[in-house]
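Enquirer: Here's a structure for you.
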Amino acid sequence: MTDQAVTTIATEKVNLLDFDRQGLRDFFAQLGEKPYRAEQVMKWIYHRLEDNFENMTDVGKALRAKLEASCYVGPPKTLFDKGAADGTHKWLLGMDGGNAVEAVYIPEPTRGTLCVSSQVGCGLNCQFCSTATQGFNRNLSTSEVIGQMWVAAKYLGNVTHQNRRITNVVMMGMGEPLLNFDNVVKAMSLMRDDLGFGLASKRVTLSTAGMVPMIDKLSEVIDVSLAVSLHAANDELRTELVPLNKRYPIDELVGACRRWLERKPRTSITFEYTLMKGVNDQPEHARQLIKLMRRLPNCKVNLIPFNPFPGTRFERSGAETIRAFQTQLLNANVLTMLRRTRGDDIDAACGQLKGQVLDRTRRQAEFRKRLEEGASHAA
Ligand code: SAH
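To convert, note that position 245 of the sequence shown is 244 in numbering that gives the first Met the number 0; the numbers rise steadily by one, no gaps.
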């Protein structure tokens, strides 16, 4: 066979990581197999992290051969991985066509959090996020989203239901997860499924820049936790920082959050607020945030000190300012956490994820031009 022929056959095979439980059952039915066989294979894939059908010893020989011929377990390839001094670990994972995204593992004494990407690049253009400077290429498939967790779990020696190195997943990597709705929901259902990674709803968090209609839709289809990237509690400033605010202003966003809480009365929403020096870190900004949080009882604020990246015009707020901002919120009885910066020595902190994006927009070129102009002005 020529190489060409081999590739053609290989690409016709189905990647089993693209199916949630129901999808896998349907696929097995198409193969003329009983649905429980799908569940058996699912346990091999997600509990034992096995990608070779030959090793799935309790699956009959004939079925193994059938699987071999029609499908494969295809996680993304690790192009590069690196550990930080604080135990944080970052993977650069290769997708097809020269694209790559990043996933980050953040160990803490009582939990291990994996931060997962949802798109190659991002189209939202939030002004303080380095992913934005890369522009947007495409959505990740289900297998590319869940595959990030599969690769990390395998590397870390995670054993579902036994030795959980990954106790939490946050969809806070590259991309806007609600703009890749179906694939992200399917991947999160595999994170939640007992036959998948078996994580409770509180431990799988989707973070959005505020795609209002999709927040409503999400609450109808899956039980996960919600985080909203707020960064400013007045429309003028928020539109400047998060251009999506122009389409879905704060009032509408708060409305969607209130509907979410009505549907899920015992849950809370986390509001992420990245603190940038002199931009959104002043007492008046805290007052605006307090006022907004009054409309969202039991919700939390997560303060993130800004993480710098080359070419950004923003700076991190000073330690004193950050403390004062937090104290002001706490004094007003707003539950407020300060996110410790992790993994910044390997550029793995919030807003520093870049990957390799073959940009389909013009954003990367525009940003590069600005960078070069900036450099020549400075020279
Ligand atoms: N698009 C989604 C998922 C990305 S989450 C969202 O916006 O929620 C990444 C989180 O890190 C968001 O809260 C984002 O606002 C924040 N962030 C982005 N750039 C940052 C930076 N340079 N420093 C600190 N936090 C940043």
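Using N, Cα and C, we set each Cβ at its ideal position, and we do this for glycine too.
Between the Cα of Leu-291 and the Cα atoms of Asn-306, Ile-249, Arg-361, Ile-165, which residue gives the shortest distance?
Expert: Numbered from 1 along the sequence shown, position 292 holds the residue referred to as residue 291. Checking every option, the nearest Cα to that of Leu-291 belongs to Ile-249.
Enquirer: Using a threshold of 7 angstroms, is the CB atom of Thr-207 nearer than that to any non-hydrogen atom of the ligand SAH?
Expert: Locating residue 207 in the sequence shown gives position 208, counting from the first residue. Yes - the ligand SAH has a heavy atom lying nearer than 7 angstroms to the Cβ of Thr-207.
Enquirer: Could you compute how far the alpha carbon of Leu-217 sits from the alpha carbon of Ser-206?
Expert: Position 218 of the sequence shown, counting from 1, holds the residue named residue 217. Position 207 of the sequence shown, counting from 1, holds the residue named residue 206. For Leu-217 and Ser-206, the distance between alpha carbons rounds to 12 angstroms.
Enquirer: Please go through the region 140-171 and give each complete beta strand (DSSP E) segment of 3 or more residues, from N-terminal end onward.
Expert: You should have 167-170.
Enquirer: Check whether the region 100-120 touches the region 143-163, taking contact to mean three or more Cβ pairs, one atom from each stretch, closer than 8 angstroms.
Expert: Touching, yes, given that three or more Cβ pairs across the two stretches are closer than 8 angstroms.
Enquirer: Residues in the same chain with beta-carbon distance under 6 angstroms from Thr-6, minus the five sequence neighbours each way, listed in chain order, please.
Expert: Position 7 of the sequence shown, counted from the start, is the residue given in the question as residue 6. Bear in mind that a pLDDT of 46 at Thr-6, under 50, signals an unreliable position, so the number given afterwards is only what the model happens to contain. Excluding residues within five positions, none has a Cβ falling inside 6 angstroms.
Enquirer: Shorter than 7 angstroms, the distance from the beta carbon of Gly-342 to the closest heavy atom of the ligand SAH, or not?
Expert: Counting from one through the sequence shown, the residue named residue 342 turns up at place 343. Gly-342: no, Cβ never under 7 angstroms from the ligand SAH.
Enquirer: Run through the DSSP bridge pairs and tell me what Ile-105 is partnered with.
Expert: For this step, residue 105 is matched to residue 106 along the sequence shown. Answer by DSSP bridge pairing, in chain order: Thr-112.
Enquirer: Nearest to Met-94 by alpha carbon, out of Ile-44, Ser-117, Thr-112, Glu-49?
Expert: Residue numbering aside, residue 94 sits at position 95 when the sequence shown is read from its first letter. Here the closest residue by C-alpha is Ser-117.
Enquirer: Given this structure, state the Cα-to-Cα distance separating Tyr-272 from Val-253, to the nearest angstrom.
Expert: As a first step, residue 272 is located in the sequence shown; it is residue number 273 there, counting from the start. As a first step, residue 253 is located in the sequence shown; it is residue number 254 there, counting from the start. Straight-line Cα distance between these residues: approximately 15 angstroms.
Enquirer: Quick check on Thr-238: does DSSP put it in helix, strand or coil?
Expert: Locating residue 238 in the sequence shown gives position 239, counting from the first residue. Looking at Thr-238 - three-state DSSP - the assignment turns out to be helix.
Enquirer: Is there contact here, the region 46-55 with the region 105-115, by at least three beta-carbon pairs under 8 angstroms?
Expert: In short, these stretches do not touch, since the Cβ pair count stays below three.
Enquirer: In the DSSP assignment, the alpha helix (DSSP H) including Glu-319 goes from what residue to what residue?
Expert: Against the sequence shown, residue 319 aligns to sequence position 320. 318-330 is the extent of the alpha helix (DSSP H) around Glu-319.
Enquirer: Please report how far the alpha carbon of Arg-258 lies from the alpha carbon of Ser-140, in whole angstroms.
Expert: Taking the first residue of the sequence shown as 1, we reach residue 258 at position 259. Taking the first residue of the sequence shown as 1, we reach residue 140 at position 141. Going from the Cα of Arg-258 to the Cα of Ser-140 covers about 29 angstroms.
Enquirer: Between Cys-256 and Ser-129, what straight-line distance do the alpha-carbon atoms span, to the nearest angstrom?
Expert: The residue labelled residue 256 in the question sits at position 257 within the sequence shown. The residue labelled residue 129 in the question sits at position 130 within the sequence shown. Their Cα atoms are separated by approximately 27 angstroms.
Enquirer: Tell me, to the nearest whole angstrom, how far the beta carbon of Asn-136 is from that of Arg-359; I am working on the premise that it is less than 8 angstroms.
Expert: Numbered from 1 along the sequence shown, position 137 holds the residue referred to as residue 136. Numbered from 1 along the sequence shown, position 360 holds the residue referred to as residue 359. The pair is a contact, with the Cβ atoms about 5 angstroms apart (cut-off 8 angstroms).
Enquirer: Rounded to the nearest angstrom, how far is the Cβ of Gln-287 from that of Asn-233, given a contact under 8 angstroms?
Expert: Here the question's residue 287 lines up with position 288 in the sequence shown. Here the question's residue 233 lines up with position 234 in the sequence shown. Confirmed, Cβ separation roughly 5 angstroms.
Enquirer: Do the region 164-173 and the region 344-355 make contact, defined as three or more Cβ pairs closer than 8 angstroms?
Expert: Yes, since at least three Cβ pairs between the region 164-173 and the region 344-355 fall closer than 8 angstroms, the two stretches touch.
Enquirer: Could you give the DSSP three-state label for Gly-82: helix, strand or coil?
Expert: Counting from one through the sequence shown, the residue named residue 82 turns up at place 83. The answer is strand: DSSP assigns Gly-82 an E or B state.
Enquirer: Should Ile-303 be listed as close to the ligand SAH, given that the test is whether its C-beta is under 7 angstroms from any heavy atom?
Expert: Here residue 303 corresponds to residue number 304 of the sequence shown, with the count starting at 1. Ile-303: yes, Cβ under 7 angstroms from the ligand SAH.
Enquirer: In the DSSP assignment, what residue or residues form a beta bridge with Glu-271?
Expert: In the sequence shown, residue 271 corresponds to position 272, counting from 1. Ser-228, Asn-301.
Enquirer: Span of the alpha helix (DSSP H) holding Met-41?
Expert: As a working mapping, residue 41 is identified with position 42 in the sequence shown. Note, Met-41: alpha helix (DSSP H), 34-45.
Enquirer: Is the beta carbon of His-284 within less than 7 angstroms of some heavy atom of the ligand SAH?
Expert: In the sequence shown, counting from the first residue as 1, residue 284 sits at position 285. The answer is no for His-284.
Enquirer: Tell me whether Met-187 counts as near the ligand SAH, meaning its Cβ is closer than 7 angstroms to at least one heavy atom of that ligand.
Expert: Here the question's residue 187 lines up with position 188 in the sequence shown. Result no, Cβ not under 7 angstroms from the ligand SAH.
Enquirer: Opposite Ala-364 in the DSSP bridges: which residues?
Expert: Within the sequence shown, residue 364 is the residue found at index 365, counting from 1. None, per the DSSP bridge assignment.
Enquirer: Counting along the chain, where does the alpha helix (DSSP H) carrying Phe-26 start and finish?
Expert: As a position in the sequence shown, residue 26 is number 27, starting the count at 1. First-last of the alpha helix (DSSP H) with Phe-26: 20-29.
Enquirer: Can you find a C-beta in chain D that's less than 8 angstroms from the C-beta of Tyr-154?
Expert: Any reference to chain D falls outside this structure, which holds one protein chain only.
Enquirer: Taking the Cβ atom as the reference point for each residue, do Val-119 and Val-168 lie within a distance shorter than 8 angstroms?
Expert: For the purposes of this step, residue 119 is identified with residue 120 of the sequence shown, where counting begins at 1. For the purposes of this step, residue 168 is identified with residue 169 of the sequence shown, where counting begins at 1. Cβ distance not < 8 angstroms, so Val-119 and Val-168 don't count as in contact.
Enquirer: Please work out which residues of its chain come closer than 6 angstroms, Cβ to Cβ, to Met-0, disregarding the five sequence neighbours upstream and downstream, and give them in chain order.
Expert: Locating residue 0 in the sequence shown gives position 1, where the first residue counts as 1. Low confidence applies to Met-0: its pLDDT is 40, below 50, so where it sits in the model is not reliable enough to give any reading.
Enquirer: Tell me whether Met-55 sits in a helix, a strand or coil according to DSSP, three-state version.
Expert: Within the sequence shown, residue 55 is the residue found at index 56, counting from 1. It is coil, neither helix nor strand.
Enquirer: Enumerate in chain order the residues of its own chain whose CB-to-CB distance from Pro-212 is below 6 angstroms, with the five nearest sequence positions on each side excluded.
Expert: Within the sequence shown, numbered from 1, the residue matching residue 212 stands at position 213. Counting only Cβ-Cβ distances below 6 angstroms, and skipping sequence neighbours, we find nothing.
Enquirer: Quick one: using the 10 Å Cβ neighbour count with 16 as the cut-off for buried, is Asp-57 buried or exposed?
Expert: By one-based count along the sequence shown, residue 57 stands at place 58. Counting Cβ neighbours within 10 Å, Asp-57 comes out exposed, since fewer than 16 surround it.
Enquirer: Using CA coordinates, which residue listed in Leu-337, Val-223, Val-13, Asp-193 is at the minimum distance from Arg-265?
Expert: Translated into positions along the sequence shown, residue 265 becomes position 266. Nearest C-alpha to Arg-265: Val-223.
Enquirer: Just to confirm, is the Cβ distance from His-160 to Ala-231 under 8 angstroms?
Expert: On the sequence shown, position 161 is the one that residue 160 refers to. On the sequence shown, position 232 is the one that residue 231 refers to. No, these two residues do not count as a Cβ contact at 8 angstroms.
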